[in-house]
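Here is the structure we will look at, set down as structure tokens.
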Amino acid sequence: MTRLDIYSVRNLDAVRLHGLGRTCVLFGENGSGKTSVLEAIHMLSLARSFRASSARSVIRHGEAHCTVYGEVARAGGAVRGLGVQRDTSGMAMLKVAGRPVRNVSSLAAELPVLVINADSFQLLVGPPTGRRRFLDWGVFHVEHEFFAIWQRFQRCIKQRNALLRRDKLDADELAVWTRDLAQAGERLTACRRRYFEQLVPVFQEVATELLPECEAVSLRFRQGWDASLPYRDALAATAGTDREQGYTHVGPQRAEIVVTAGDHSAADTLSRGQQKLVVCALKLAQGQVLRRQERPMTCTYLIDDLPSELDAAHLRRVCEQLEALGAQVFITCIAEDAMAGTWPAAAVPPQLFHVEQGRVTPVGPAADPGTPTPSNTDSESDA
Ligand SMILES: Nc1ncnc2c1ncn2[C@@H]1O[C@H](COP(=O)(O)OP(=O)(O)O)[C@@H](O)[C@H]1O
Ligand SMILES: [Mg+2]
Numbered sequence: 000m001t002r003l004d005i006y007s008v009r010n011l012d013a014v015r016l017h018g019l020g021r022t023c024v025l026f027g028e029n030g031s032g033k034t035s036v037l038e039a040i041h042m043l044s045l046a047r048s049f050r051a052s053s054a055r056s057v058i059r060h061g062e063a064h065c066t067v068y069g070e071v072a073r074a075g076g077a078v079r080g081l082g083v084q085r086d087t088s089g090m091a092m093l094k095v096a097g098r099p100v101r102n103v104s105s106l107a108a109e110l111p112v113l114v115i116n117a118d119s120f121q122l123l124v125g126p127p128t129g130r131r132r133f134l135d136w137g138v139f140h141v142e143h144e145f146f147a148i149w150q151r152f153q154r155c156i157k158q159r160n161a162l163l164r165r166d167k168l169d170a171d172e173l174a175v176w177t178r179d180l181a182q183a184g185e186r187l188t189a190c191r192r193r194y195f196e197q198l199v200p201v202f203q204e205v206a207t208e209l210l211p212e213c214e215a216v217s218l219r220f221r222q223g224w225d226a227s228l229p230y231r232d233a234l235a236a237t238a239g240t241d242r243e244q245g246y247t248h249v250g251p252q253r254a255e256i257v258v259t260a261g262d263h264s265a266a267d268t269l270s271r272g273q274q275k276l277v278v279c280a281l282k283l284a285q286g287q288v289l290r291r292q293e294r295p296m297t298c299t300y301l302i303d304d305l306p307s308e309l310d311a312a313h314l315r316r317v318c319e320q321l322e323a324l325g326a327q328v329f330i331t332c333i334a335e336d337a338m339a340g341t342w343p344a345a346a347v348p349p350q351l352f353h354v355e356q357g358r359v360t361p362v363g364p365a366a367d368p369g370t371p372t373p374s375n376t377d378s379e380s381d382a
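What the sequence shown shows, in numbering that gives the first Met the number 0, is residues 0 to 382, in sequence order.
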């Protein structure tokens, strides 16, 4: 992303940043608005914040809506504009290249965003939903038919569960939805498997770099039903219980990524800091997988308060990996010098931004706001 405009997001005053480079460090006191900037960027990808709060809470108090606009670089020096506006009623207006789009997936495809923050360890210790979402995020970006299959699967399972809960069972209708569910479930799982197979070796590499002192951390994929059976047969085998309890017991909705350190569950044995590093490795691996596609994609990393839980040596390793990825990275921290010496010396130094009571100000020559870019001419007058 080379340009970022934010209006009425939380405590932020109008933010207009141009000429954004690969690494942007936002520093400032507690409550200054650093996380809010990351939330705004996240909205450009998924139309919502990563904080577990309502869409409305992101909108600055007293305002009717918030708006975020960003420009991402495309091949040949072109830029593509992305826009998101959310209002207090929950409505979202999404635009790609000036045209309204209906699905968030159209935005997400333009700007793959990955978050690493204080809650990230939840990916390891929290419920499987988070790990399925993690997996599907990656699958979405590399398998182009995945979104349609996923939507189809969701529709089938909803219909089937609704039928299972009816007092009077319509066996024919159930058979039709069960057949469609079986097909969609197999296709969905095939996509997940293909992606997972790409992810594992990359994760292994990154994890070894980040946690050399740790017992080998490994990943296993569980598809959500007995892997020796076609999904159709697994559904047939649980048909009775499904009917009794009114929902579908087996399938991709139960898929899981099992993370182990040595012979033990990573969630139960690793320290919080190590868990955070495993999550970093998972997310860095996702970025690598996207980069290694035939049509390489670059991720944008939003890293909230990176220095907080990592010691200097581990912090440096994470930064090295981020730099090697070539991804764009937004990092927040409290002190101006918190990231000093952590970024590889050979790399282009990070751009610094001071966040103070809702104002975001570039600091130093690297982030000279006067640097002419094709896109800053239209808003200079109101800067
Ligand atoms: N909807 C809102 N309208 C106005 N201010 C808000 C809103 N939501 C949160 N805030 C305020 O925004 C400030 C910035 O929060 P945050 O971005 O999390 O700060 P930081 O990450 O720098 O610690 C907080 O002081 C909070 O009280
Ligand atoms: Mg914060």
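All residues carry an ideal CB built from backbone N, CA and C; glycine is no exception.
{"Asked": "Hey, would you say Leu81 sits closer than 9 Å to Leu43, going by beta carbons?", "Found": "yes"}
{"Asked": "Taking 9 Å as the cut-off, decide whether the C-beta atoms of Arg47 and Arg9 are in contact.", "Found": "no"}
{"Asked": "Does the Cβ of Asn102 lie closer than 8 Å to at least one heavy atom of ligand 1?", "Found": "no"}
{"Asked": "Less than 9 Å between the C-beta atoms of Arg79 and Ala96, yes or no?", "Found": "yes"}
{"Asked": "Helix or strand or just coil, what does DSSP make of Glu322?", "Found": "helix"}
{"Asked": "With a threshold of 8 Å on Cβ separation, who are the neighbours of Arg191 within its own chain once the five nearest residues in sequence on each side are excluded?", "Found": "Leu134, Asp135, Val138, Phe220, Gln222, Pro251, Ala254"}
{"Asked": "Look up Arg15 in the DSSP assignment and give the residues it is bridged to.", "Found": "Asp4"}
{"Asked": "Give the secondary structure of Ala260 by DSSP, where H, G and I count as helix, E and B as strand, and everything else as coil.", "Found": "strand"}
{"Asked": "How is Asp86 classed by DSSP in three states: helix, strand or coil?", "Found": "strand"}
{"Asked": "With a threshold of 8 Å (Cβ to nearest heavy atom), would Glu335 be considered close to ligand 1?", "Found": "no"}
{"Asked": "Near ligand 1, which residues have their beta-carbon less than 5 Å from any of its heavy atoms, given in chain order?", "Found": "Arg9, Asn10, Asn29, Gly30, Ser31, Gly32, Lys33, Thr34, Ser35, Arg59, His60"}
{"Asked": "Output yes or no for whether 9 Å exceeds the beta carbon distance between Lys275 and Ser119.", "Found": "yes"}
{"Asked": "Should Asp171 be counted as a contact of ligand 2 given a C-beta to heavy atom distance under 8 Å?", "Found": "no"}
{"Asked": "Roughly how many angstroms separate the alpha carbons of Lys167 and Ser56, rounded to a whole number?", "Found": "43 Å"}
{"Asked": "Measuring CA to CA, which of Val347, Leu305, Ser104, His353 is closest to Met338?", "Found": "Leu305"}
{"Asked": "Rank Val362, Pro361, Val354, Arg358 by C-alpha distance to the C-alpha of Gly27 and give the top, closest one.", "Found": "Val354"}
{"Asked": "Going along the chain, which unbroken runs of the alpha helix (DSSP H) with 4 or more residues stay wholly within the region 80–155?", "Found": "103–109, 121–124, 127–141"}
{"Asked": "Out of Ile156, Gly69, Glu335, state which residue places its alpha-carbon closest to the alpha-carbon of His248.", "Found": "Ile156"}
{"Asked": "Taking all protein chains shown into account, do 16 or more other C-beta atoms lie within 10 angstroms of the C-beta of Pro373, making it buried, or fewer, making it exposed?", "Found": "In this prediction, Pro373 scores a pLDDT of 42, lower than 50, which makes its location untrustworthy; the coordinate-derived value is nonetheless stated afterwards. Its Cβ having fewer than 16 others within 10 Å, Pro373 is exposed."}
{"Asked": "Below 8 Å, is the gap between the Cβ of Asp304 and the nearest heavy atom of ligand 2?", "Found": "yes"}
{"Asked": "Is it buried or exposed for Asn102, if we count other Cβ within 10 angstroms and need 16 for buried?", "Found": "exposed"}
{"Asked": "Closer than 8 Å to a non-hydrogen atom of ligand 2 - does that hold for the CB of Thr331?", "Found": "yes"}
{"Asked": "Can you tell me which of the three DSSP states Thr370 falls into?", "Found": "Low confidence applies here, because Thr370 scores a pLDDT of 44, under 50, leaving its location unreliable and the question unanswered by this model."}
{"Asked": "To the nearest angstrom, how far is the alpha carbon of Glu172 from that of Ala236?", "Found": "18 Å"}
{"Asked": "Label Thr376 either buried or exposed according to how many other C-beta atoms from any shown protein chain fall within 10 Å of its C-beta, with 16 as the threshold for buried.", "Found": "Confidence in Thr376 is poor, its pLDDT being 36 and thus under 50, which makes the residue's placement unreliable; the coordinate value appears in the next sentence. With fewer than 16 Cβ atoms within 10 Å of its Cβ, Thr376 is classed as exposed."}
{"Asked": "Which term fits Ser35, buried or exposed, when burial requires 16 or more other beta carbons within 10 angstroms of its beta carbon?", "Found": "buried"}
{"Asked": "Would you check if the distance between the CB atom of Val100 and the CB atom of His41 is smaller than 9 Å?", "Found": "no"}
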